[in-house]
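Throughout the sequence shown, residue numbering follows this note's numbering, covering 4 to 126 in sequence.
Cβ coordinates follow ideal geometry from the N, Cα and C atoms, glycine included.
Owing to the predicted nature of the structure, the values given are computational and were not obtained by experimental measurement.
Scroll down for the structure; my scribbles are underneath it.
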Amino acid sequence: TLYPVIADGSLGERLAEGVDTLGQGSTAHFLQRMRVVHPIFAVLSGLYLLYVAISLPGLPEEPRVRKLGNVVAGLVVAQLCAGVINIMLSAPGWMQLLHLALATALWIALVVLSLAALLREKA
């Protein structure tokens, strides 16, 4: 990784370490400054994606869109859990790869869900 993480400590201490890098201002690398912003944006966008995945199928019910919405919702929850575990484990390589794989799967599921919803509207 670009910067070391705390070997021991609680999740709060790990996030607080990220806040400490904000005090460095322009001397800190931009990825170090992103350590605090990334989890905030992840939770906010995750909540938005959950809302979209749950509300998009709407009426009239389309079973395929509903199923894809459930897949997206499940992947969002899995991705948020993987992010928390990634922080708690001090970002081991295998966990980073799993986190990226889940992000890729979520992106693909969102594209397929969007396609299914758009095709439903045309019919």
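In this structure, the straight-line span from the alpha carbon of I90 to that of Y51 is close to 22 Å. Going by DSSP, H41 is part of the alpha helix (DSSP H) stretching over F33 to S58. Here the alpha carbon of G49 sits roughly 8 Å from the alpha carbon of V80.
Residue S58 holds the alpha-carbon nearest to the alpha-carbon of N73 among S58, R38, V87 and G86. A direct Cα-Cα distance of roughly 30 Å separates I43 from L121. Distances from the alpha-carbon of L101 to those of I111, L118 and Q82 put Q82 closest.
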